[in-house]
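Heads up: the sequence shown begins at 63 in this note's numbering, then just goes up one per residue.
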Amino acid sequence: MTQLWNFAGGIHPPENKHQSTTRSIQQAGIPERLVLPLQQHIGEPAEVVVNVGDQVLKGQVVADVTSGMGVPVHAPTSGTIEAVEQLPVPHPSGMSDWCVVLKPDGEDRWTELSPISDYKLMDREQVLQIIRNAGIAGMGGAGFPTDIKLRPPRDRKVETLILNGAECEPYITADDMTMREHAAEVVSGMQVMAWILRPARCVIGIEDNKPEAIAAMQAAVQGTQIEIAVIPTKYPSGGEKQLIEILTGLEVPSGGIPADVGVMCQNIGTSLAVSRAVFEGKPLISRVVTLTGEALQQPGNVEALIGTPISYLLAQAGLRPEQLNRLVLGGPMMGYTLHSDDVPVVKTSNCVIAATAGELPAPPPEQPCIRCGQCALACPMELLPQQLFWHAKAAEFEKAEHLNLFDCIECGACSYVCPSSIPLVQYYRYAKGEIRQQRAEQLKSDHARERFEARQARLEREQQEKEQRRKERAKAAAEAQAKKQAEAEQAAQQGEAVDDRAAKAALVQQALERKKAKAAKTAEAAAATPAPSQETASPDTTGEEQALPDIEALEKQLMQAQGKLDTMQGMLEEARAQQADNVDKLERAVAKNHDRVQRAEQALADARNVLAEQTGSAASE
């Protein structure tokens with residue numbers, strides 16, 4: 063017989079499970095349209111891989127996660143992609159999210175399936191890829207991708223694989239009915255996961271208030287090494303950490319995960335999905351949902367396609383709208399009120415409660431805490447709910463986190479026993495959300511600071527490199543000057559030195575002589591040319607003929623001066639950018655060339671005025 067342990071705290075609320083177990087699981091059928099949210103699991107949302115107007119087959123991928131953690135979304139039936147838009151999705155805030163809208167064609171035609179006859183002949187990674195491609199995520203909690211969960215860290219060997227069949231929360235019977243009617247498939251799915259993990263022990267924990275499920279599972283595990291552990295009924299024995307403690311006596315450390323103690327938990331619905339994915343090749347396109355509550359004429363469990371509107375399921379169960387007071391998705395302890403019945407069934411939807419006013423009455427007004435300590439006695443995580451409440455209400459989130467706020471599993475046991483009707487879990491959820499928001503803001507701030515510091519470091523590095531280049535140029539110039547000086551001294555020692563001043567004077571003398579020769583040649587040419595007669599002379603010429611200014615030559619001089627100025631200006635800007643040593647010299651050169659341009663412009667303007675005056679005089683004569 064399996065040894066059992068107990069966990070601290072816990073409560074015994076009314077079970078209310080018999081209402082939905084009087085008939086077998088029914089097929090919900092195909093609604094007029096299916097709404098498939100792209101975010102149905104923890105991780106990255108899936109990206110649409112089909113277009114509006116496309117015809118798709120049952121089981122065909124309509125959205126997939128190409129990067130990051132996530133699983134694909136499949137078409138639950140054949141039909142036409144009608145839209146990709148934001149629609150209300152199951153969430154406590156009533157938020158909207160991106161969804162693929164599928165209009166069924168009624169033919170329910172499957173895409174090509176690839177069942178596996180003997181998975182043991184395959185590589186483990188191939189089987190994990192089959193589970194991933196089937197879109198399987200945890201169907202009893204937050205929806206963690208199953209293939210990733212089945213890849214524990216290499217340093218954390220899974221010694222015990224647990225299948226959670228406790229289903230401790232009131233009203234919910236989806237897992238109970240699944241074990242009754244699909245026991246063999248549940249066991250085969252667990253065997254696949256056990257083959258992947260190779261644990262030393264496999265055990266299925268079931269509360270003792272489910273005798274039919276216990277009998278069916280005991281029959282299904284005959285001939286296997288799987289244990290059936292019947293555990294006492296107490297809420298929340300179906301919590302992952304509580305079930306681990308009951309079955310192994312091990313306590314998951316604060317802030318840790320079950321793999322830290324060598325244990326892994328999987329859900330009954332997840333095991334069924336794994337079995338169908340491997341042995342039938344079918345992706346996760348439907349799940350068992352409990353429909354219960356006194357506002358329904360026919361409560362029970364149905365196998366509903368993912369994406370089926372809640373309103374469609376309620377209509378099939380005979381909803382009496384005049385009696386409906388509150389619509390809850392999930393159980394009465396951990397579920398939340400739906401703002402609309404148009405939201406669809408997703409992979410983690412296990413129960414819908416259509417409650418009357420007397421069944422789930424509105425909580426009385428919150429009253430001051432009387433410090434009775436009942437919340438601490440009921441807490442299965444052995445926390446201090448009273449202190450957590452004070453810190454959360456006072457926005458002292460750091461103190462709340464110091465008291466292990468994130469170890470709270472939000473089971474609602476503390477709120478259930480509180481005589482002051484304080485919604486303690488709501489305060490804890492609020493504090494967790496604020497802490498996560500602050501962490502996200504801090505992360506963004508850290509990234510911004512890192513980018514700024516990297517930029518400053520880059521600018522400093524560039525400045526240092528620029529200064530280093532300047533020093534290298536100065537050093538090279540100094541070395542060149544020293545070399546030139548050394549060569550001059552060496553030449554002087556060898557008697558080959560020349561007087562620079564004398565050489566320059568000689569060059570100037572040569573230039574003067576060439577200029578004189580050119581002037582003499584010009585004078586001889588002028589003498590050889592006959593002088594104009596008095597008759598042919600210009601009427602206004604009384605002495606030496608007045609020469610006209612050479613406008614073309616002056617314009618050419620101006621262009622040359624302007625071009626040289628532009629060149630020197632560009633050299634100056636480049637030297638300034640490089641912080642060169644010759645900036646002052648270039649600035650003087652630019653100023654000098656600027657003066658030359660001004661003089662050339664003035665000369666050209668004067669010449670044009672003279673030419674205009676002479677032209678005017680000639681015209682008047």
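The beta-carbon is built from N, C-alpha and C at its ideal position, and this holds for glycine as well.
Just checking my contact of Q306 with I224 at CB under 8 Å: how many whole Å lie between their CB atoms?
For the purposes of this step, residue 306 is taken as the residue at position 244 of the sequence shown. For the purposes of this step, residue 224 is taken as the residue at position 162 of the sequence shown. It is worth fixing the name first, because residue 306 is Ile in this sequence and not Gln. Confirmed, Cβ separation roughly 7 Å.
Going by Cα to Cα distance, which pick from H80, V135 and C413 is closest to A236?
Taking the first residue of the sequence shown as position 1, residue 236 is located at position 174. Ranking the options by Cα distance to A236, first place goes to C413.
By how many angstroms is the C-alpha of Q429 removed from the C-alpha of Q449?
Mapped onto the sequence shown, residue 449 falls at position 387. Mapped onto the sequence shown, residue 429 falls at position 367. In a straight line, the C-alpha of Q449 is about 16 Å away from that of Q429.
Counting only runs of 4+ residues fully inside the stretch 150-228, write out the alpha helix (DSSP H) ranges in chain order.
186-195 and 208-211
Looking at E356: is its Cβ nearer than 8 Å to the Cβ of Q385?
Reading the sequence shown from its first residue, position 294 is the one you call residue 356. Reading the sequence shown from its first residue, position 323 is the one you call residue 385. The answer is yes: Cβ separation under 8 Å.
Does the Cβ-Cβ distance between L616 and L673 come in under 8 Å?
One-based indexing of the sequence shown puts residue 616 at position 554. One-based indexing of the sequence shown puts residue 673 at position 611. For L616 and L673, no; Cβs fall outside 8 Å.
Could you tell me the alpha carbon to alpha carbon distance between G267 and T142, rounded to whole angstroms?
For the purposes of this step, residue 267 is taken as the residue at position 205 of the sequence shown. For the purposes of this step, residue 142 is taken as the residue at position 80 of the sequence shown. Roughly 42 Å separates the two Cα atoms.
Tell me, please, whether the stretch 350-366 touches the stretch 410-426 by the rule of three or more beta-carbon pairs shorter than 8 Å.
yes
With DSSP run on the structure shown, which of helix, strand or coil describes V313?
The residue given as residue 313 occupies position 251 in the sequence shown. Correcting the residue identity first, residue 313 is Glu in this sequence and not Val. Looking at E313 - three-state DSSP - the assignment turns out to be coil, as it is neither helix nor strand.
For my contact list, E144 and K120 are in at a C-beta cut-off of 8 Å; report their separation, rounded to the angstrom.
Here residue 144 refers to the residue found at position 82 of the sequence shown. Here residue 120 refers to the residue found at position 58 of the sequence shown. The pair is not a contact, with the Cβ atoms about 16 Å apart (cut-off 8 Å).
Does R349 come out as helix, strand or coil in the three-state DSSP assignment?
If you number the sequence shown from 1, residue 349 lands on position 287. In the structure shown, R349 sits in a strand (DSSP, three-state: E or B).
Alpha carbon to alpha carbon, how far is I319 from A335?
Reading the sequence shown from its first residue, position 257 is the one you call residue 319. Reading the sequence shown from its first residue, position 273 is the one you call residue 335. Cα to Cα, the separation comes out at about 23 Å.
May I have the straight-line CA-CA distance separating K455 from M157, to the nearest angstrom?
Counting from one through the sequence shown, the residue named residue 455 turns up at place 393. Counting from one through the sequence shown, the residue named residue 157 turns up at place 95. One C-alpha to the other measures close to 25 Å.
By how many angstroms is the C-alpha of K409 removed from the C-alpha of I17?
Because residue 17 is not part of the residues shown, which for the chain are 63 to 683, the question remains open.
According to DSSP, is K344 helix, strand or coil?
Along the sequence shown, read from residue 1 onward, the residue named residue 344 stands at position 282. Looking at K344 - three-state DSSP - the assignment turns out to be coil, as it is neither helix nor strand.
Could you name the residues that DSSP lists as bridge partners for L367?
Taking the sequence shown and counting its residues from 1, the one referred to as residue 367 is at position 305. Answer is S348.
How would you label K272, buried or exposed, when you count the other beta carbons within 10 angstroms and need 16 or more for buried?
Within the sequence shown, residue 272 is the residue found at index 210, counting from 1. Burial call: buried.
Spatial neighbours of M633 within its chain, please: CB distance less than 6 Å, with the 5 preceding and 5 following residues excluded, ordered by chain position.
Locating residue 633 in the sequence shown gives position 571, where the first residue counts as 1. L648, listed in sequence order.
If you reduce the DSSP assignment to three classes, tell me which class R260 lands in.
Indexing the sequence shown from 1 puts residue 260 at position 198. Correct three-state label for R260: coil.
Taking the C-alpha atoms as reference points, what is the distance between N671 and D628?
Reading the sequence shown from its first residue, position 609 is the one you call residue 671. Reading the sequence shown from its first residue, position 566 is the one you call residue 628. The alpha-carbon atoms of N671 and D628 are separated by roughly 27 Å.
A136 bridges to which residues according to DSSP?
One-based indexing of the sequence shown puts residue 136 at position 74. It is worth fixing the name first, because residue 136 is His in this sequence and not Ala. Its beta-bridge partners are V123.
Smallest Cα separation from Y398: which of P154, N655 and A291?
In the sequence shown, residue 398 corresponds to position 336, counting from 1. Measuring from the Cα of Y398, the nearest candidate turns out to be P154.
Answer yes if the stretch 95-103 comes into contact with the stretch 68-83, meaning at least three C-beta pairs across the two stretches below 8 Å, and no otherwise.
Segments in contact, no.
Who are I268's beta bridge partners in DSSP?
Locating residue 268 in the sequence shown gives position 206, where the first residue counts as 1. DSSP output for I268 lists G227 and V292 as bridge partner(s).
Using three-state DSSP, classify C327 as helix, strand or coil.
Locating residue 327 in the sequence shown gives position 265, counting from the first residue. Residue state, collapsed to three classes: strand.
Counting along the chain, where does the beta strand (DSSP E) carrying I415 start and finish?
For the purposes of this step, residue 415 is taken as residue 353 along the sequence shown, with counting starting at 1. Here the beta strand (DSSP E) through I415 covers C413 to A417.
Bridge partners for P447 per DSSP, in chain order?
Sequence index remark: in the sequence shown, residue 447 carries index 385 (1-based). Per DSSP, none; premise fails for P447.
Do you know offhand how far Q117's Cα is from S140's?
In the sequence shown, the residue the question calls residue 117 occupies position 55. In the sequence shown, the residue the question calls residue 140 occupies position 78. Answer to the nearest angstrom: the Cα atoms are 8 Å apart.
Taking the alpha-carbon positions, what's the L467 to E269 distance?
Translated into positions along the sequence shown, residue 467 becomes position 405. Translated into positions along the sequence shown, residue 269 becomes position 207. Going by the C-alpha atoms only, they are around 28 Å apart.
Over the uninterrupted beta strand (DSSP E) stretch that includes V97, give me the two end residues.
Walking along the sequence shown from the start, residue 97 turns up at place 35. L96 to P99 is the span of the beta strand (DSSP E), which, as asked, contains V97.
Give me whichever residues DSSP pairs with Q89 in a beta bridge.
The residue labelled residue 89 in the question sits at position 27 within the sequence shown. Q89 pairs with E365.
DSSP on G605, reduced to helix/strand/coil?
As a working mapping, residue 605 is identified with position 543 in the sequence shown. Note that G605 scores a pLDDT of 39, beneath 50, so its modelled location is shaky; the value from the coordinates is reported in the next line. In the structure shown, G605 sits in coil (DSSP, three-state: anything other than H, G, I, E or B).
Check the DSSP bridge columns for Q117 and list the partner residues they point to.
Counting from one through the sequence shown, the residue named residue 117 turns up at place 55. Its beta-bridge partners are T142.
Could you check which residue in A419, R661, D238 and Q555 has the C-alpha nearest to that of K82?
For the purposes of this step, residue 82 is taken as residue 20 along the sequence shown, with counting starting at 1. A small fix is needed here, since residue 82 is Ser in this sequence, not Lys. The option with the nearest alpha carbon to S82 is D238.
If you run the structure through DSSP and keep just helix, strand and coil, what is R338?
Numbered from its first residue, the sequence shown carries residue 338 at position 276. Helix at R338.
From the DSSP output, in three-state form, read off L422 for me.
Looking up residue 422 in the sequence shown gives position 360. In this structure, L422 counts as coil in the three-state DSSP scheme.
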